[in-house]
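Protein chains in written order, with our numbering: chain A, 64 to 171; chain B, 227 to 338. Worksheet for the structure shown next.
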């Protein structure tokens with residue numbers, strides 16, 4: 064079946080540093096959506112991409128359907144960025160497959 | 227701005243109990259979805275609907291019923307709750323299948 068692999072599964076950053084989260088797919092996907100689940104359990108929409116890149120503040124995401132991956136870059140990490148980040152990919156029709164998440168902890 | 231609300235936010239019930247989770251969206255979206263999210267897993271689709279009176283089965287439907295009474299309202303029903311249904315439940319809406327989904331704040335359900 065369709066597979067979505069997120070990496071890393073967990074990540075620790077110090078404030079002010081940055082890193083990249085990655086989502087790999089086993090088949091061609093039509094679009095990707097990135098979310099953050101915050102400490103209250105709410106899902107926050109970050110990006111929706113059908114191609115190319117998008118940037119919003121300290122976050123930037125890229126989607127390469129041909130190479131079957133998407134990335135989420137975080138720069139100048141802040142404490143409030145802590146949470147679990149999910150990618151979700153649309154394969155076609157109603158089908159949306161979620162990755163298992165990356166738990167990010169930003170420390171002072 | 228898109229708005230999806232869920233109630234209750236937290237619910238505790240006992241095995242065999244009857245639970246209804248509510249979701250309302252004011253986006254005028256056609257599609258609504260119910261997911262569950264468990265530690266170490268992404269969200270898994272339980273049921274979805276593309277309009278009032280419509281219901282489609284998702285990937286993990288066993289033990290769940292759903293009903294879409296209006297375009298705005300989508301309910302998830304657990305008629306005989308079991309401890310395996312302890313989870314965080316998210317509702318979402320989207321204009322269509324090729325659009326991003328907007329999520330509610332989640333309902334944490336505990337079945338004792």
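From the three backbone atoms N, C-alpha and C, an ideal C-beta is built for every residue, glycine too.
Among the residues of the stretch 282 to 297 of chain B, those with a Cβ less than 9 Å away from any Cβ of chain A are 282, 284, 285, in the order of the chain. Cβ-Cβ distances below 6 Å link residue 125 of chain A to 116, 134 in the same chain, with the five nearest sequence neighbours on each side left out; the list follows chain order. Contact check between the stretch 77 to 93 of chain A and the stretch 127 to 142 of chain A: three or more CB pairs, one atom from each, fall below 8 Å, which counts as touching. By the criterion of a C-beta distance shorter than 7 Å, residue 161 of chain A is surrounded in its chain by 67, 149, 151, once the five residues flanking it on both sides are discounted. Contiguous beta strand (DSSP E) elements confined to the stretch 80 to 108 of chain A occur at 82 to 88, 94 to 100, taking only those with 3 or more residues. As far as DSSP is concerned, residue 276 of chain B takes part in no beta bridge. Take the alpha-carbon of residue 250 of chain B and the one of residue 158 of chain A: they are about 22 Å apart.
Not a single C-beta of chain B is nearer than 8 Å to the C-beta of residue 148 of chain A. One Cα belongs to residue 75 of chain A, the other to residue 144 of chain A, and the distance between them is close to 11 Å.
Of all residues in the stretch 258 to 269 of chain B, only 266, 267, 268, 269 come within less than 7 Å of chain A when Cβ atoms are compared, listed by chain position. Under a criterion of Cβ atoms nearer than 7 Å, no residue of chain B is adjacent to residue 66 of chain A; the nearest Cβ is some 11 Å distant. Residue 106 of chain A has a beta carbon lying within less than 8 Å of a beta carbon in chain B. At a cut-off of 8 Å between C-beta atoms, residue 163 of chain A counts as an interface residue with respect to chain B.
When the five nearest sequence neighbours on each side are left out, the beta carbons in the same chain lying within less than 6 Å of the beta carbon of residue 246 of chain B are those of 301, 303, in order along the chain. C-alpha of residue 240 of chain B to C-alpha of residue 337 of chain B: approximately 5 Å in a straight line.
Distances from the alpha-carbon of residue 331 of chain B to those of A:95, A:72, A:105, A:80 put A:105 closest. A Cβ of chain A is located within less than 8 Å of the beta carbon of residue 332 of chain B.
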